[in-house]
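Engineer: Numbering (the numbering used here), first residue to last: 130 to 294.
Glycine residues also receive a C-beta, built at the ideal position from the N, C-alpha and C atoms.
Structure in structure tokens, see below.
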Amino acid sequence: MGEGIKDGDRCEEYAVNASTLKKNLKIISILGALGVALAISIYYNAIAPLPPYSIIGLVVHKDEGLDIDDSGSETPRYSVSIYLFTDDKVNDHPTASASSYRVDKEDFNLLRINDVVKARIVPGPFKGFEIADVFEVIPAKDAIDETIAREYPEADEARRVIAPS
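Below is the structure:
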């Protein structure tokens with residue numbers, strides 16, 4: 130009689146394959162659950178905290194000047210140009226573009242070129258290019274520290290491209 134596969138051998142082979150399949154399914158299930166947890170965490174820690182009409186960007190230019198109001202009087206004007214890391218949905222400006230926004234004197238003095246800023250924009254006609262509230266500033270530094278590089282990876286690239294040291 131020749132050597133052949135016995136029915137018992139096939140059963141063991143199928144039992145091993147079924148066992149391996151169960152282990153692989155458990156691993157895939159665990160990885161899937163971890164992926165869902167990570168997505169939820171990113172949403173609630175990075176995206177959801179931003180109020181509506183808000184932007185994140187890099188301050189690339191500051192300007193102050195005088196405007197003439199309706200009564201003919203000169204009034205001070207303060208503006209900052211921001212390289213956007215998020216879309217400006219109020220003014221329909223995409224990520225990786227620069228926009229100029231009016232700010233009050235206090236925010237103008239607070240912000241420095243190369244600062245990463247989170248701000249809320251005033252919605253409405255002719256108000257879209259005005260910042261209502263600066264709610265977080267990550268100050269400019271001579272070298273980009275690990276926190277900015279980790280939390281805002283776009284900032285690292287933008288600083289090298291727009292404001293090389």
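What is the rounded straight-line gap between the Cα of VAL219 and the Cα of TYR182?
Structural biologist: Looking at the two C-alpha atoms, the distance is approximately 6 Å.
Engineer: In whole angstroms, what is the alpha-carbon distance linking LYS191 and ASP262?
Structural biologist: When rounded, the distance between both Cα atoms is 17 Å.
Engineer: Nearest-angstrom Cα distance between GLY201 and GLY194?
Structural biologist: If you take the alpha carbons of GLY201 and GLY194, they lie about 15 Å apart.
Engineer: Can you have a look at GLY186 and say buried or exposed, based on whether 16 or more other CB atoms are within 10 angstroms of its CB?
Structural biologist: That one is buried.
Engineer: Report the residue from LEU160, ASP196, VAL209 and VAL246 whose alpha carbon sits nearest the alpha carbon of SER228.
Structural biologist: Out of LEU160, ASP196, VAL209 and VAL246, VAL209 has the C-alpha closest to the C-alpha of SER228.
Engineer: In the DSSP assignment, find the unbroken beta strand (DSSP E) run with GLU265 in it and report its ends.
Structural biologist: Where GLU265 is concerned, the enclosing beta strand (DSSP E) stretches over 260-267.
Engineer: What is the rounded straight-line gap between the Cα of PHE258 and the Cα of PRO268?
Structural biologist: Distance between the alpha carbons of PHE258 and PRO268 is about 22 Å.
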